[in-house]
Ligand SMILES: NC(=O)c1ccc[n+]([C@@H]2O[C@H](COP(=O)([O-])OP(=O)(O)OC[C@H]3O[C@@H](n4cnc5c(N)ncnc54)[C@H](O)[C@@H]3O)[C@@H](O)[C@H]2O)c1
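Residue numbers (the working numbering): 1 to 417.
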């Protein structure tokens, strides 16, 4: 029921009533080319792929603070009253279920609306009960879960994360390596519910849950929504590399004042985010392959909590690059963005695509959804793909492949035969 979740829900309710446009959503707006360029076939993705309609969606969620989705949206202060008031009644009906919360993973929050259980295994069972009750009471045909909860403190996988049996044992022993978000992920996958992780913490990214997702035939995806600054990075950096321009330094700083910013003010939670944000350039620029261009790259990322800005973040980048014969140049990007406005269409698309993936019998990690993530999950041992345009090609080709259409290589040779 935080800023991203309530902005997503309110936006869907408004869009389906025709009161606002779902800008930023591929499932609602984007077209896809099919066949040769001369064929003139470019349907909307939503008409090409059998996605659930916005009219069919119902929403629920958990939080560690009480308050319905309307109250929490007002508190988040992202959407204006002229929008929220139209859907107030529907938002007020969305009451959170109490969260599974061990405070040591999010030190800046003191959750007051929480479950109690003797072990983490019991917490998982309570979440599973919540899901079943919700699905039954709201008469849902299917469900999808997207983690829009707070970023958790930095942790690495432990022995408990190595296999399904080790994780189950860890749950019974309330292993400290198992964080809150993992309880939800485990519960969902056990219930056969596709799950995506919008935060940078492990959540659904460790061997035991990959194994469980394959066993249960559940699609999963993550991690960390790609929205403001990293979205820009994955547009600019591939461009610089494509033209073989060098980069000596890339300094990124953010100021934001929402609750996410407050949580990220904690060094442990910031480290989780920093790790996710730093990985992008190394992979795109391939330092090892191009030591003369990127070998000395200094990459620094800062996030500063600055309450006056609320959700209206400022992402500032200074790029020190160099060209022909090593002559230096600079690029400055000052992105006055809005965190939740950029994240909401990502949440919607992930929900619809994961539901579709599940019906198409795709299981385990869905790398074709890398487009939406800062740290895309891949098959074990693979380097993630960060270039936004390769990610988009992968996404659209996956849709063509699933629908039995020819893949598009952009070769273009056929037009000259
Ligand atoms: N907005 C963006 O552009 C963006 C981009 C990438 C990632 N993210 C991530 O998305 C997540 C949500 O962002 P936000 O701006 O909505 O943050 P937020 O602080 O407004 O919302 C997070 C919510 O999660 C709740 N929560 C924390 N622990 C919980 C638990 N164990 N169970 C249930 N609820 C719990 C908090 O009480 C809060 O209401 C964050 O992890 C953030 O880092 C956001």
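Backbone N, C-alpha and C fix where the C-beta goes; we use that ideal spot for every residue, glycine too.
| Query | Result |
| --- | --- |
| Burial state of residue 370, where buried means 16 or more other Cβ atoms lie within 10 Å | buried |
| Residue environment, residue 103, which counts as buried when at least 16 other CB atoms sit within 10 Å | exposed |
| Beta-carbon proximity list for residue 249, same chain, < 6 angstroms, skipping 5 on both sides | 298 and 320 |
| DSSP state of residue 58 mapped onto helix, strand, coil | coil |
| Cβ contact check for the segment 268-280 and the segment 295-311: 3 or more pairs under 8 angstroms | yes |
| Three CB pairs or more closer than 8 angstroms across the segment 330-339 and the segment 305-316 | yes |
| DSSP state of residue 330 mapped onto helix, strand, coil | strand |
| Residue 60 versus 29, 280 and 134, residue with shortest Cα-Cα distance | 134 |
| Contacts around residue 118, its chain only, beta-carbon distance under 7 angstroms, and the 5 residues preceding and following it disregarded | none |
| Every unbroken beta strand (DSSP E) within the segment 134-222, with a cutoff of 3 residues, ordered by chain | 145-147, 195-197 and 219-221 |
| Counterpart residues of residue 253 in DSSP-defined beta bridges | 302 and 316 |
| Collapsed DSSP secondary structure at residue 63 in the structure displayed | strand |
| Spatially closest choice to residue 94 from 6, 322, 26 and 142, by CA coordinates | 6 |
| C-beta atoms of residue 200 and residue 358 nearer than 7 angstroms | no |
| Residue 291 and residue 25 closer than 7 angstroms at C-beta | no |
| DSSP state of residue 106 mapped onto helix, strand, coil | coil |
| Distance cut-off 6 angstroms: residue 171 Cβ against heavy atoms of ligand 1 | no |
| Distance, residue 385 Cα to residue 447 Cα | The requested residue 447 does not occur in the structure, where the chain is confined to residues 1 to 417. |
| Residue 84 and residue 73 closer than 7 angstroms at C-beta | yes |
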